[in-house]
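First comes the structure, then the notes that go with it.
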């Protein structure tokens, strides 16, 4: 998930976790983004989690776009 590095510091991941991964903890998302499982081992996103994250970021980007377009 190399391309996420471009925006990782610009996004409030705790809000993303709460809105789009309500059944997971904020720590879970942070660990997944870092590629760890919380116990010091490797813990990458599953394919379904990748799709969920992709859809979350697409929805978030659409919300940002709508907010920007409403300015003018």
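In our numbering, the protein residues as written are 1 to 72.
Positions of the beta carbon are idealized from the N, C-alpha and C atoms, including for glycine.
Only a predicted model underlies this, so the values are computations on that prediction, with no experimental measurement involved.
With respect to residue 21, residue 29 sits close: the two C-beta atoms are nearer than 7 Å. Between the alpha carbons of residue 48 and residue 17 lies a gap of roughly 15 Å.
Per DSSP, residue 24 lies in no alpha helix (DSSP H) and is assigned neither H nor E. As the crow flies, the alpha-carbon of residue 19 is around 24 Å from that of residue 71. When only Cα atoms are considered, residue 23 and residue 63 end up about 22 Å apart. Exclusion of the five residues before and after residue 46 leaves no residue of its chain whose Cβ lies closer than 7 Å to its Cβ.
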